[in-house]
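Participant: Here it is, the structure in full.
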Amino acid sequence: MGIKVHHLRPAPGAKTAKTRVGRGEGSKGKTAGRGTKGTGARKNVSAAFEGGQMPIHMRLPKLKGLKNKPRNKVVFQVVNLDRLAELFPDGGEVGPVELAEAGAVRKGQPVKVLGSGELGGVSLTISAHAFSESAKEKIAAAGGSATEL
Numbered sequence: 001m002g003i004k005v006h007h008l009r010p011a012p013g014a015k016t017a018k019t020r021v022g023r024g025e026g027s028k029g030k031t032a033g034r035g036t037k038g039t040g041a042r043k044n045v046s047a048a049f050e051g052g053q054m055p056i057h058m059r060l061p062k063l064k065g066l067k068n069k070p071r072n073k074v075v076f077q078v079v080n081l082d083r084l085a086e087l088f089p090d091g092g093e094v095g096p097v098e099l100a101e102a103g104a105v106r107k108g109q110p111v112k113v114l115g116s117g118e119l120g121g122v123s124l125t126i127s128a129h130a131f132s133e134s135a136k137e138k139i140a141a142a143g144g145s146a147t148e149l
């Protein structure tokens with residue numbers, strides 16, 4: 001006949017019932033693994049408690065250390081030349097207000113024009129807070145002008 005899966009049984013002693021502590025003297029009752037007397041036997045204490053000594057989280061200083069961010073850093077909204085050519089194909093005057101209306105930048109923030117892409121012959125008079133060198137060259141080459149605010 002041979003052995004089948006449903007005939008298999010764990011070895012005797014391999015499976016033991018879960019010990020239900022604190023359920024009477026006959027079954028690991030009494031102290032239920034908590035030792036004798038003392039706080040640990042009576043209630044739970046937080047892991048941070050150090051027996052009345054000032055705990056480590058209160059001994060260590062608060063809010064110290066390196067704050068690696070310059071206080072007066074200017075964060076520019078950047079616009080590339082190819083985006084400008086796309087937004088203003090007819091040329092004309094472009095400033096931070098027009099860029100904000102076109103949805104290229106957020107309003108009320110300093111704008112920097114970067115030289116990625118080409119203007120494609122569109123002549124623009126651009127005023128912004130900053131320009132990259134390559135952007136200035138490409139604007140001038142396309143017959144436009146760049147004015148820093």
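Using full-length UniProt numbering, you'd call the opening residue of the sequence shown number 1 and step up by one each time. Ideal Cβ positions, reconstructed from N, Cα and C, are used throughout, including at glycine. Note that the structure is a prediction, hence the values are computed from the model and not measured.
Should residue 3 be labelled buried (16 or more other beta-carbon atoms within 10 Å of its own) or exposed?
Facilitator: Classification of residue 3: exposed, given that the 10 Å Cβ count is below 16.
Participant: In terms of residue numbering, what span does the beta strand (DSSP E) encompassing residue 148 cover?
Facilitator: It spans 145-148 - the beta strand (DSSP E) in which residue 148 sits, taken as one unbroken run.
Participant: Could you tell me which whole beta strand (DSSP E) segments of length 3 or greater appear in the stretch 113-139?
Facilitator: Correct list: 124-128.
Participant: Using 8 Å for Cβ pairs, my map puts residue 119 next to residue 146. What's the rounded Cβ distance?
Facilitator: Incorrect: roughly 11 Å between the Cβ atoms, too far for contact.
Participant: Can you give the Cα-Cα distance for residue 101 and residue 61, rounded to whole angstroms?
Facilitator: Cα-Cα distance, rounded: 48 Å.
Participant: Looking at the structure shown, is residue 92 part of a helix, part of a strand, or coil, going by DSSP?
Facilitator: If DSSP states are grouped into helix, strand and coil, residue 92 belongs with the strands.
Participant: So if DSSP puts residue 150 in a beta bridge, which residue, or which two residues, is it bridged to?
Facilitator: Residue 150 lies beyond the residue range present for the chain, which begins at 1 and ends at 149; the question has no answer from this structure.
Participant: Could you say which of 6, 136, 22 and 12 lies nearest to residue 33 if we only look at CA atoms?
Facilitator: For residue 33, the nearest C-alpha among the options comes from 22.
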